[in-house]
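Numbering-wise (full-length UniProt numbering), the sequence shown opens with residue 1 and increments by one. Working notes, beginning with the structure itself.
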Amino acid sequence: MNTPQQETLAELKRRLADIAAGTAAAEAAAPDQAVRSAGSGDAAAGRAKAGAGAKASRRRRTTAKTPDAFKEDGFGEEAAADEPWLDTGEGVSGPGKRGGRKSGRQRGRQEPQDPGQEAEPLSPEEAYAEAKAIVLRQLTASPKSRRQLETKLAEREIPPDAAAAVLDRFEEVQLVDDAEFARLWVRSRSQSKSLARGALRRELTEKGIAPDLAAEALEQVSAEDELESARALARKKLQASADLSDRSVRDKQTRRLVGMLARKGYSPSLGFRVAAEVIGEIRDTRSDSV
């Protein structure tokens with residue numbers, strides 16, 4: 001069974017696949033347009049223009065998405081009317097994985113013609129398009145909080161104004177949603193890693209989730225859920241071969257269990273309580289079987 005996080009990622013990838021289909025259609029139409037526009041010019045100039053156009057096409061792919069496709073994806077009428085915002089200028093997946101990706105320091109600048117010349121900063125339009133391409137690549141890999149995306153854009157030297165504008169727009173169409181990200185994170189990590197609310201809160205803080213959104217997401221995990229999760233962890237981790245009739249062995253196993261639970265965010269008081277319960281259960285079971 002897929003986790004909620006995997007389902008959300010699958011939905012996001014489906015949306016981006018629709019965008020990629022629009023990209024392919026736009027690229028397929030581009031050669032015919034280039035031939036028609038060059039027909040009235042001189043042959044040499046046409047070849048030069050076509051070569052430059054091909055190079056630009058490889059560097060900056062255009063994406064296109066129809067209003068109907070936006071409606072099917074659930075973005076609504078407003079997003080359908082504003083379709084051009086999602087034209088990344090680079091396609092959904094950006095440059096190819098082999099040899100086409102620029103280094104982090106080059107992403108926010110135009111490459112100079114002269115190797116000794118200082119690289120020129122991107123224009124506002126280019127910076128905006130580059131920021132969108134980066135964000136789409138990041139979201140294709142996995143859901144991200146706004147803070148995580150801000151950090152990634154800063155690493156790529158995207159101007160703050162362009163980064164903020166792109167992230168604001170992604171929030172409008174709910175591709176970036178810290179509240180939903182926090183809910184999915186808590187649900188996934190509490191189930192797959194058996195983390196307690198304390199550990200989950202720390203992780204959400206590290207990812208830039210606001211305290212009120214974190215508190216709302218953590219409401220999914222009740223005190224009873226946390227207790228049952230701690231018991232399951234302790235039963236799984238307790239060494240079945242340990243001689244629990246020996247007091248020193250019981251003390252050692254108790255410390256081991258409490259330490260393990262503490263690393264997952266459970267309080268010491270809960271850890272000692274659960275360790276005593278589980279050790280007692282196993283001792284009783286062994287006594288009954290004798």
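Beta carbons: idealized from backbone N, C-alpha and C, even for Gly.
Taking 8 Å as the cut-off, decide whether the C-beta atoms of residue i and residue j are in contact.
i	j	result
ALA131	ALA179	no
LEU227	MET260	no
residue 291	ALA275	Outside the shown range of the chain, which is 1 to 290, sits residue 291, and nothing can be said about it.
LYS193	SER145	no
ARG183	ALA217	yes
VAL135	LEU122	no
VAL278	LEU238	yes
THR205	ALA215	no
Spatial neighbours of residue i within its chain, please: C-beta separation below 8 Å, excluding the five flanking residues on both sides.
i	result
TYR128	ALA162, ALA165 and VAL166
ASP225	SER190
ALA210	ASP178
GLY280	none
GLU171	ARG146 and ASP177
VAL258	PRO268, GLY271, PHE272 and ALA275
ALA262	PRO268 and GLY271
ARG231	VAL274, GLU277 and VAL278
Once you ignore the five residues that flank residue i on each side, which residues in its own chain have a CB closer than 6 Å to its CB?
i	result
GLY198	GLY265
TRP185	none
PHE181	PRO143 and SER145
VAL221	SER190 and ARG197
ARG235	VAL278
PRO159	ALA127
GLU219	none
ALA242	VAL249 and GLN253
Just to confirm the assignment, what range does the alpha helix (DSSP H) spanning residue i have?
i	result
PRO160	160–172
PRO211	211–218
VAL186	178–192
ASP251	247–263
ASP225	223–237
LEU204	197–206
GLU150	146–155
Buried or exposed: residue i, going by 16 or more other Cβ atoms within 10 Å of its Cβ?
i	result
GLY271	buried
SER229	buried
SER142	exposed
ARG247	exposed
ARG202	exposed
ARG286	exposed
ASP245	For clarity, residue 245 is Ser in the given sequence; the question names Asp instead. Its Cβ having fewer than 16 others within 10 Å, SER245 is exposed.
GLN174	exposed
ARG169	buried
ARG137	buried
GLY99	For GLY99, the predicted structure reports a pLDDT of 39, less than 50, and the residue's modelled location is therefore unreliable. A value from the coordinates is still provided. Exposed, by the Cβ-count rule.
ALA44	In this prediction, ALA44 scores a pLDDT of 48, lower than 50, which makes its location untrustworthy; no coordinate-derived value is stated.
LEU200	buried
PHE75	Residue placement at PHE75 cannot be trusted, given a pLDDT of 36 that sits under 50; what the coordinates show is reported in the next sentence. Answer is buried; the Cβ neighbour count reaches 16.
Using a Cβ-Cβ cutoff of less than 7 Å, which residues in the same chain neighbour residue i once the five nearest sequence positions on both sides are dropped?
i	result
ASP32	The pLDDT assigned to ASP32 is 49, lower than 50, so where the model puts this residue is not dependable; a value taken from the coordinates is nonetheless given after this. Answer for ASP32: no residue qualifies.
ILE282	LEU238 and LEU244
LEU195	ARG189, LYS264 and GLY265
How about residue i: is its C-beta nearer than 8 Å to some C-beta of chain D?
i	result
ASP168	No chain D appears in this structure, which consists of one protein chain only.
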